[in-house]
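Student: I am attaching a structure below and will ask some questions about it afterwards.
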Amino acid sequence: MQSRTSGGSGVRAQALKPDGALVDDFQFVPSGKGTHVLSVPSPAVTASLMIGKTIVDTAVASLGLA
Numbered sequence: 025m026q027s028r029t030s031g032g033s034g035v036r037a038q039a040l041k042p043d044g045a046l047v048d049d050f051q052f053v054p055s056g057k058g059t060h061v062l063s064v065p066s067p068a069v070t071a072s073l074m075i076g077k078t079i080v081d082t083a084v085a086s087l088g089l090a
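See the structure below:
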């Protein structure tokens, strides 16, 4: 009895710039009192500390907390 079967390739959403180019890396977009983190692939946990630092730095700058 076979426990696995072959399947097709996976698909994931990818952020695009206004000109249609792919966003290859994280994009941080401040908006009001929040910060949107765009184009974060599933293995982003390997960079989670740096993502957190960038979110804090972005929030401090955009909310005038410095």
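All the letters of the sequence shown, read from the start, carry residue numbers 25 to 90 under the numbering used here. All C-beta atoms in this analysis are idealised placements derived from N, C-alpha and C, irrespective of residue type, glycine included.
1) Measuring alpha carbon to alpha carbon, tell me which of Val-61, Ser-72, Lys-57, Ile-75 ends up nearest Leu-89.
2) Taking the CB atoms as reference points, tell me whether Ala-45 and Leu-62 lie closer together than 8 Å.
3) With Ala-85 and Thr-59 assumed to form a contact (beta carbons below 8 Å), what rounded beta-carbon distance in angstroms separates them?
4) Which of the three DSSP states is assigned to Thr-82 in this structure?
Tutor: With the given structure in hand:
1) For the purposes of this step, residue 89 is taken as residue 65 along the sequence shown, with counting starting at 1. For Leu-89, the nearest C-alpha among the options comes from Lys-57.
2) Residue numbering aside, residue 45 sits at position 21 when the sequence shown is read from its first letter. Residue numbering aside, residue 62 sits at position 38 when the sequence shown is read from its first letter. Against a cut-off of 8 Å, the Cβ pair of Leu-62 and Ala-45 comes out as no contact.
3) The count along the sequence shown starts at 1 and reaches residue 85 at position 61. The count along the sequence shown starts at 1 and reaches residue 59 at position 35. With a Cβ gap of about 10 Å, Ala-85 and Thr-59 do not count as contacting.
4) For the purposes of this step, residue 82 is taken as residue 58 along the sequence shown, with counting starting at 1. Helix, per DSSP.
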